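In my numbering, the protein residues as written are 263 to 377.
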């Protein structure tokens, strides 16, 4: 293998750190990235001493369409059945301290199944 014009015979291939967040397999090619967007900004900046309730990502997935819902279910986040998995998902408050994920495109009522 040659890196930047220097021949390195011990390196068989370039290391890739792209791992699917759903199935933990190495991602070949370009990963599908999903971010969680909080559409409501609070008035005052939060304290740096407090942890954010939601990690916005981006999270990387392979081409298997079952990986993003499996990943969300493992974290206790139900996915709205009226939406599709898209690049930007929105957190929806479920009444208690939990959140569900939705793409926010449909106009119907949300349909969350238990994670």
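The C-beta atom is built at its ideal place from N, Cα and C for all residues, glycine as well.
This structure is a prediction, so every number in the text was calculated from the model and none was measured.
Kindly indicate the opening and closing residues of the alpha helix (DSSP H) around residue i.
i, result
"residue 364", "Looking at the DSSP string, residue 364 is not in any alpha helix (DSSP H); the run it does join, the beta strand (DSSP E), is 361–364."
Give me the residue from the options with the minimum Cα distance to residue i.
i, options, result
"residue 299", "267, 352, 359, 266", "352"
"residue 366", "328, 355, 289", "355"
"residue 317", "372, 272, 264, 350", "350"
"residue 369", "359, 358, 344, 360", "344"
"residue 291", "265, 325, 358, 374", "325"
"residue 329", "371, 357, 286", "286"
"residue 281", "294, 270, 375, 374", "294"
"residue 373", "357, 359, 360, 341", "341"
"residue 360", "348, 322, 337", "337"
"residue 279", "323, 371, 348, 364", "323"
Report back the beta-carbon spacing between residue i and residue j to the nearest angstrom; my notes put them in contact at under 8 Å.
i, j, result
"residue 284", "residue 339", "With a Cβ gap of about 13 Å, residue 284 and residue 339 do not count as contacting."
"residue 319", "residue 296", "6 Å"
Using the Cβ count rule (16 or more neighbours within 10 Å means buried), how would you classify residue i?
i, result
"residue 362", "buried"
"residue 346", "exposed"
"residue 289", "buried"
With DSSP as the reference, label residue i as helix, strand or coil.
i, result
"residue 318", "coil"
"residue 268", "strand"
"residue 373", "coil"
"residue 324", "coil"
"residue 342", "strand"
"residue 281", "strand"
For the beta strand (DSSP E) holding residue i, just list the boundary residues, first then last.
i, result
"residue 335", "Run containing residue 335: none in the beta strand (DSSP E); it sits in the alpha helix (DSSP H), 329–336."
"residue 297", "294–298"
"residue 352", "350–355"
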